[in-house]
Amino acid sequence: MTSTLNDAGLLGLDLRARRSRAPEEMVLVALPDMQGRLQGKRMPAGYFAEHVAETGAEFCAYLLATDIDMQPLDGYAHASWATGYGDMHVVPDLATMRRLAWPGGGVLVLADACDATGANLSIAPRTMLRRQLGLLQQELGLTAKVGVETEFTVYRGTGSAALDQLQPVSERNLDYHLTHPRPMRDFLHSLEEALTGSGLPLESTKTEAAPGQVEVTFRYGDPIEAADNHCILKHAAHQLGEATDVTPVFMAAPQTGIGNGLHVHLSLWEDHKPVLASDDGGLLPAGHQAIAGLVEVLPHLMPLLLSTPNSYKRLRPNTFAPTHMSWGWDNRTCAIRVAGHGRNRHLEIRVPGADANPYLALTAVIAAIRDGTGRHLTPPAPVGDNTTAPVLPATLDAALHLFASSKPAADLLGPDVVSHYSTAAHHEIEAMNTEVTDIERCRGFARA
1 MTSTLNDAGL
11 LGLDLRARRS
21 RAPEEMVLVA
31 LPDMQGRLQG
41 KRMPAGYFAE
51 HVAETGAEFC
61 AYLLATDIDM
71 QPLDGYAHAS
81 WATGYGDMHV
91 VPDLATMRRL
101 AWPGGGVLVL
111 ADACDATGAN
121 LSIAPRTMLR
131 RQLGLLQQEL
141 GLTAKVGVET
151 EFTVYRGTGS
161 AALDQLQPVS
171 ERNLDYHLTH
181 PRPMRDFLHS
191 LEEALTGSGL
201 PLESTKTEAA
211 PGQVEVTFRY
221 GDPIEAADNH
231 CILKHAAHQL
241 GEATDVTPVF
251 MAAPQTGIGN
261 GLHVHLSLWE
271 DHKPVLASDD
281 GGLLPAGHQA
291 IAGLVEVLPH
301 LMPLLLSTPN
311 SYKRLRPNTF
321 APTHMSWGWD
331 NRTCAIRVAG
341 HGRNRHLEIR
351 VPGADANPYL
361 ALTAVIAAIR
371 DGTGRHLTPP
381 APVGDNTTAP
391 VLPATLDAAL
401 HLFASSKPAA
411 DLLGPDVVSH
421 YSTAAHHEIE
431 AMNTEVTDIE
441 RCRGFARA
């Protein structure tokens, strides 16, 4: 079995042939979980080629029914204590196979989760995105191209030391700077080499305005590949951070005053031609309708974009994070920014935080665009003042209340998806509501 790698300067990977030359090479069979992390098994290359590549493997179904701490939780129809947490079948997507270009990285292949009949699980994040893209093509004859721009914060140290100190590797605004403290320089160098060496379409890296903040941008392309690339970025950043004695943090708000976003740059195409804008940069009907769908529907789908209570602490006025469901021309304070020039104009959706699962965020975006375009919706006027637009849900509680009972959410995603991710949001809220926090102790320990 020979699988061709994407652009990594490698001709291909024949696992059976490599077995005799490099028996220690391991294949990482990885399933993107509900939080957008890669979970899976390590397998010797020969075993993978002979027993898994074409037929798949069994993973515990709880991988799609846990919280961020990998705690199995009740309430999911997919898997629960009542059903005994059996297996689900995972099938490698061989087109995703690549060698990870750092010591001990191994060979990575992403996989899709299936039920007992072999059908893809409807609540699996990668499957959800694939379904929305298929409907966009079938119903409207449109395809999407996506580029993802990710922000995260780099802290000194690793493990509990990094958490105790909470010391970013830089202490001031280094936005667009080309000189950095040595820990940041070493980390960025190793990350850039790993991403490009692994064949990911890196466009740029830069330091951002908040202390220790980094932005990584990938070139636009297939939406599923864009989400795959984001997950591989996080996997690489965590592994390389440990090797360079820093910790990359993808929380939306790791500290008060620091906000990390995951910005989605999206264009629509028909017959290999962009259809959002004309040659002079004015919006075409598809552009107006896509924006209208996003403005109207995204508020119903917020738990897919902002999935934790912390996600909403990023949404503060005058922080470049949106607080209202607005759109504008080259306006970074809006939820939807129309960027670019001429026919190359595209939409930047600035709502998701860095903690978002990219497959879920893109699922919400494509579903909203599909609805707006399919119903030929008309958007409100672009804003000059954001405060005139509808307010985004300010908490996960408010977002869940709308999502769980939303007819648009159920119609676009399916009741099973809404139920599954409503359960996830409910558990996130409960975890925060029952936890005594440091700020509560600080304010009340000697004062109450």
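Just so we're aligned: 166 in the UniProt record's numbering is position 166 of the sequence shown, and the numbers increase by one with no gaps anywhere.
Backbone N, C-alpha and C fix where the C-beta goes; we use that ideal spot for every residue, glycine too.
The structure presented is a predicted model; accordingly, all values stated were derived computationally and were not measured.
Can you round the beta-carbon distance between residue i and residue j to whole angstroms, since I take them to be within the 8 Å contact cut?
i, j, result
"His-230", "Pro-358", "4 Å"
"Thr-158", "Thr-247", "5 Å"
"His-288", "Pro-408", "About 19 Å; that fails the 8 Å criterion."
"Glu-129", "Ile-232", "Reading the sequence as shown, one finds Leu at residue 129 and not Glu. Not a contact, Cβ separation roughly 16 Å."
"Ala-79", "Leu-94", "The pair is not a contact, with the Cβ atoms about 26 Å apart (cut-off 8 Å)."
"Leu-315", "Pro-322", "7 Å"
"Ile-336", "Ile-291", "6 Å"
"Ile-429", "Leu-396", "6 Å"
In angstroms with no decimal places, state the Cα-to-Cα distance between residue i and residue j.
i, j, result
"Val-297", "Ser-307", "17 Å"
"His-263", "Ala-446", "42 Å"
"Thr-66", "Asp-74", "9 Å"
"Gly-86", "Ala-113", "13 Å"
"Glu-208", "Asn-173", "7 Å"
"Leu-133", "Thr-244", "39 Å"
"Cys-327", "Glu-171", "Correcting the residue type first, residue 327 is Trp in the shown sequence and not Cys. Approximately 33 Å between the Cα atoms of the pair."
"Met-184", "Gly-212", "8 Å"
"Ala-354", "Gly-444", "31 Å"
"Tyr-76", "Asn-433", "20 Å"
"Cys-60", "Asp-271", "41 Å"
"Lys-206", "Tyr-176", "6 Å"
"Leu-304", "Val-351", "11 Å"
"Val-91", "Thr-117", "13 Å"
"Ala-161", "Val-436", "21 Å"
"Pro-181", "Leu-191", "16 Å"
"Ala-286", "Thr-373", "6 Å"
"Leu-200", "His-341", "26 Å"
"Leu-142", "Trp-269", "6 Å"
"Gln-165", "Arg-126", "36 Å"
Just grab the DSSP bridge partners of residue i for me.
i, result
"Ile-349", "Val-264 and Ile-336"
"Leu-31", "Gln-39"
"Phe-218", "Leu-202"
"Ala-57", "Val-90"
"Asp-112", "Val-91"
"Phe-48", "Phe-48 is not bridged to any residue."
"Val-436", "DSSP lists no partner for Val-436."
"Arg-156", "Val-246"
"Gly-328", "Arg-337"
"Pro-72", "Thr-66"
"Lys-273", "Glu-270"
"Val-383", "Paired residue(s): none; Val-383 is not in a bridge."
Is residue j closer than 8 Å to residue i when the C-beta atoms are compared?
i, j, result
"His-235", "Glu-149", "no"
"Tyr-155", "Val-146", "no"
"Ser-311", "Ala-252", "yes"
"Phe-152", "Val-214", "yes"
"Val-391", "His-300", "no"
"Gly-29", "Ala-49", "Residue identity differs from the one stated: residue 29 is Val in this sequence, not Gly. No, Cβ-Cβ distance for Val-29 and Ala-49 is not below 8 Å."
"Ala-226", "Phe-218", "yes"
"Ile-366", "Ala-144", "yes"
"Leu-400", "His-426", "yes"
"Phe-187", "Leu-240", "yes"
"Arg-345", "Gly-281", "yes"
"Val-418", "Ala-404", "yes"
Using C-beta distances below 7 Å, list every residue in its chain close to residue i, excluding the 5 sequence neighbours before and after it, in chain order.
i, result
"residue 463", "Nothing about residue 463 can be read from this structure; the chain reaches only from 1 to 448."
"residue 462", "A query on residue 462 cannot be resolved here, the shown segment of the chain reaching from 1 to 448 and no further."
"Asp-228", "Thr-96 and Leu-110"
"Gln-255", "Leu-166"
CB-CB under 6 Å to residue i, same chain, minus the five flanking residues each way: which ones, in chain order?
i, result
"Ala-101", "Ala-194, Gly-197 and Ser-198"
"Asp-115", "Leu-121"
"Asn-386", "His-324, Ser-326 and Thr-333"
"Gln-39", "Leu-31, Asp-33 and Leu-63"
"Glu-348", "His-263, His-265, Arg-337 and Ala-339"
"Ala-410", "Val-418"
Please indicate yes or no: does the CB of residue i lie closer than 7 Å to some heavy atom of the ligand COA?
i, result
"Glu-50", "For the structure depicted, the ligand COA is absent and the ligand set is empty, with no information on it obtainable."
Going along the chain, which residues of its own chain have a beta-carbon closer than 8 Å to the beta-carbon of residue i, five neighbours each way excluded?
i, result
"Ala-22", "In this prediction, Ala-22 scores a pLDDT of 48, lower than 50, which makes its location untrustworthy; the coordinate-derived value is nonetheless stated afterwards. Around Ala-22: Ala-45."
"Arg-370", "Gln-132, Leu-135, Leu-136, Glu-139, Leu-140, Gly-293 and Leu-412"
"Met-26", "Arg-42, Met-43, Pro-44, Ala-45, Gly-106 and Val-107"
"Asp-416", "Ala-77, Ser-122 and Ile-123"
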